[in-house]
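Structure first, commentary second.
Protein chains: 2
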Amino acid sequence: MGDEPADLLRKHGLHVTAQRLAVLRAVSGKPHITADGVAEVANAEIGAISRQAVYDALAVLVEKGLIRRIQPTGAPARYETRVGDNHHHLICRVCGRVVDVDCAVGSAPCLTPAEGRDYEIDEAEVVYWGRCPECRARARTDSEV
Amino acid sequence: MGDEPADLLRKHGLHVTAQRLAVLRAVSGKPHITADGVAEVANAEIGAISRQAVYDALAVLVEKGLIRRIQPTGAPARYETRVGDNHHHLICRVCGRVVDVDCAVGSAPCLTPAEGRDYEIDEAEVVYWGRCPECRARARTDSEV
DNA sequence: ATACAGATCTTGACAGAGTCAAAACTTCTT
DNA sequence: AAGAAGTTTTGACTCTGTCAAGATCTGTAT
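Line order of the protein sequences matches chains E and V.
Under the working numbering, the first residue of the first sequence carries the number 1, and numbering increases by one thereafter.
Under the working numbering, the first residue of the second sequence carries the number 1001, and numbering increases by one thereafter.
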């Protein structure tokens, strides 16, 4: 014992609630899920959950480092449980699918920009944009018509 | 001749309109301007412009590569004319300010993730999150109270 | 067990940024 | 000058997310 989701919450000084457990499970079960998706999954699981509770739970879990928030530009934020390692994301511009990509250069490559100018940097977020194999294939097929 | 804004538009097969010229000038004159800011500047210049026209113009200019869109999460998108070079952005979590940072590793460092898996990648987006010198100073002062 | 304080959730209004659709108006070409 | 296609206006609307206040639940100390 000690690694159950409930213990994980307690360990961080958080109250254990049905909502938080459901949110945690939703994110674990479906990497790269959106807040909206979490609400849906959690709803199915515990019958009902308010939007606010979802956002609150996600925020506190991110703060405690139990989950990670990725914020692709122009798209809703997504959440995942894979934390602690330094990996990036590849997003298909067509279908929106997100996949993990290990960092190309090592452990923390881009964390130090050339000139920090007294900025205090705590995170470097890297997102690769492109098209996934499926969408490339589909584009090819479509243009053949 | 040939490098006037108007010619620039024609060169790309776009109709030359007062709205587009105003938008182009707004972005040139004020790096990292938001869509809202563009609307304001353009309004002052040509008397009136609809929000939709601003968004349309910005979108088409981005598409043609005449300007570049940066979309920090949680903050409105920004536009700049500095295109063609590879640089990233440093965003202050507190005040939202955006500054350019030249790429740490060279010309196009992160454009090739370790494993492309047949993805067709067209852009690597790097965002450094942190706190700017001013906000750091303010935080220090505030806690002294 | 019981009660309490504080943490958490619900509800419902609200905000910012951007999109959609249809009609009116321009620009470019002939 | 005239027409077709490209642009702009207008106004409603969506999508993410936030705020605030009161109701409810959790953990802890009786």
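Every residue, glycine too, gets a C-beta built ideally from N, C-alpha and C.
Close Cβ partners of residue i (< 6 angstroms) along its chain, the five nearest in sequence each way excluded
i                        : result
threonine 34 of chain E  : Pro76, Arg78
cysteine 1095 of chain V : Cys1135
proline 31 of chain E    : Glu80
alanine 42 of chain E    : Ala22, Val23, Ala26, Ile49
cysteine 1092 of chain V : Arg1131, Cys1132, Cys1135
Range of the contiguous alpha helix (DSSP H) that encloses residue i
i                        : result
alanine 151 of chain E   : Only positions 1 to 145 of chain E appear in this structure, which leaves residue 151 of chain E out of reach.
arginine 1010 of chain V : 1005-1011
alanine 99 of chain E    : In the sequence under discussion, the amino acid at residue 99 of chain E is valine, which differs from the alanine named in the question. Not the alpha helix (DSSP H): valine 99 of chain E falls in the beta strand (DSSP E), residues 98-102.
alanine 39 of chain E    : 35-46
Residue range of the beta strand (DSSP E) that includes residue i
i                        : result
aspartate 152 of chain E : Lying before the first or after the last residue shown, residue 152 of chain E is absent from chain E, which here runs from 1 to 145.
leucine 90 of chain E    : 87-92
For residue i, the three-state DSSP class (helix, strand or coil)
i                        : result
leucine 24 of chain E    : helix
cysteine 1095 of chain V : coil
glycine 84 of chain E    : coil
glycine 1106 of chain V  : Any reading at glycine 1106 of chain V needs caution, since the residue's pLDDT is 44, under 50, leaving its predicted position unreliable; the model's value is listed next. Reduced to three states, the DSSP call for glycine 1106 of chain V is coil.
glycine 29 of chain E    : helix
Cβ neighbours of residue i in the same chain (closer than 8 angstroms, five flanking residues each side left out)
i                        : result
threonine 73 of chain E  : Val127
alanine 1039 of chain V  : Ile1049, Arg1051, Val1054
aspartate 118 of chain E : none
Closer than 8 angstroms at the beta carbon, the chain E residues around residue i
i                        : result
tyrosine 1079 of chain V : Under the 8 angstroms cutoff, chain E gives no residues; its nearest Cβ is about 13 angstroms from tyrosine 1079 of chain V.
Own chain residues within Cβ distance below 7 angstroms of residue i, not counting five before or after
i                         : result
glutamate 123 of chain E  : none
alanine 1057 of chain V   : Gln1019, Arg1020, Val1023
tryptophan 129 of chain E : Ile91, Arg93
DSSP beta-bridge partners of residue i
i                        : result
arginine 1069 of chain V : V/Tyr1079
Chain-ordered chain V contacts of residue i [CB-CB under 9 angstroms]
i                     : result
glycine 96 of chain E : Correct list: empty, because the minimum Cβ distance to chain V is about 13 angstroms.
Amino acids of chain V, ordered along the chain, whose beta-carbon sits closer than 7 angstroms to that of residue i
i                        : result
aspartate 122 of chain E : Trp1129, Gly1130
leucine 66 of chain E    : What leucine 66 of chain E touches in chain V: nothing, since even the nearest Cβ is about 19 angstroms away.
leucine 58 of chain E    : Ordered by position in chain V, no residue passes the 7 angstroms Cβ test against leucine 58 of chain E, which lies about 14 angstroms from the chain.
Closer than 9 angstroms at the beta carbon, the chain E residues around residue i
i                         : result
glutamate 1125 of chain V : Pro72, Thr73, Glu125, Val126, Val127, Tyr128, Trp129
leucine 1024 of chain V   : Going along chain E, no residue has its Cβ under 9 angstroms from leucine 1024 of chain V, so there is no contact; the nearest lies around 21 angstroms.
Proximal residues of chain E, C-beta to C-beta of residue i below 7 angstroms
i                        : result
arginine 1136 of chain V : Glu120
leucine 1021 of chain V  : Simply none; closest approach about 26 angstroms.
Partners in chain V for residue i, counting only beta-carbon separations shorter than 8 angstroms
i                     : result
leucine 61 of chain E : Simply none; closest approach about 17 angstroms.
leucine 9 of chain E  : The contacting residues do not exist; leucine 9 of chain E stays about 26 angstroms from chain V at best.
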